Amino acid sequence: MTAINRLGEGEKAGAEKSGPEKYAPPDRRPPEKLGDVDQAAANAFEGEIREFVRRDIAFLRRPREEGDAQQDQPVAENLNALIRRVSGASMDEIDRVITELQSVREMLRAEGERVNREIAGYASLSHAAMTAMKVIGDSLTQWKAAPNKQPRPARPAE
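Everything in the sequence shown is counted per full-length UniProt numbering, starting at 1 for the first residue and increasing by one.
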């Protein structure tokens with residue numbers, strides 16, 4: 001019995017390592033432990049971030065020279081031209097949307113007037129139908145209340 005238990009235990013251990021992770025490339029395998037993550041790569045990445053931040057801060061703290069101010073002027077003009085171009089396109093789009101909304105408003109106003117006319121027509125038709133039904137009802141009531149002037153033929157006794 002001991003041999004069977006040992007074999008069963010061995011199968012469990014082998015089954016854990018025989019899954020799809022066994023055949024995955026090493027860079028795509030999940031780490032067995034959280035501590036297995038490459039600390040050197042993480043430290044290098046953090047160092048690159050620090051260096052990037054240092055360079056940006058040094059650039060922003062650098063005093064400007066007069067040559068830089070003259071050099072920045074064409075950049076500012078280019079930036080102004082870009083802003084004018086972008087805002088011009090935006091204004092054209094806004095004008096187009098306004099025109100489209102005005103046409104939709106006019107269409108809705110015309111449809112509202114048409115619906116009001118249709119409702120008035122249906123109300124008039126309904127009123128005429130009710131009046132006609134009242135006349136027919138009154139006529140039937142008078143017809144039933146009138147004495148029967150024609151004698152009914154006597155039915156022969158069977």
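C-beta: ideal position from N, C-alpha, C; glycine also.
The structure presented is a predicted model; accordingly, all values stated were derived computationally and were not measured.
* Coil, strand or helix - P147 by DSSP -> The residue given as residue 147 occupies position 147 in the sequence shown. Three-state result, P147: coil.
* Asked: Where does P25 fall in DSSP's three states?
  -> Translated into the one-based positions of the sequence shown, residue 25 becomes position 25. Coil, per DSSP.
* Excluding sequence positions up to five away, which residues of its chain have a Cβ less than 7 Å from the Cβ of A44? -> Within the sequence shown, residue 44 is the residue found at index 44, counting from 1. Cβ neighbours of A44 beyond the five flanking positions: none.
* To the nearest angstrom, report how far apart R54 and A40 are at their CA atoms. => Locating residue 54 in the sequence shown gives position 54, counting from the first residue. Locating residue 40 in the sequence shown gives position 40, counting from the first residue. Those two C-alpha atoms are separated by around 21 Å.
* To do: Starting from the C-beta of Y122, find all residues in its chain whose C-beta is less than 7 Å away, skip the five residues before and the five after it, and write them out in chain order.
  => For the purposes of this step, residue 122 is taken as residue 122 along the sequence shown, with counting starting at 1. For Y122, where only same-chain residues beyond five positions count, there are no Cβ hits under 7 Å.
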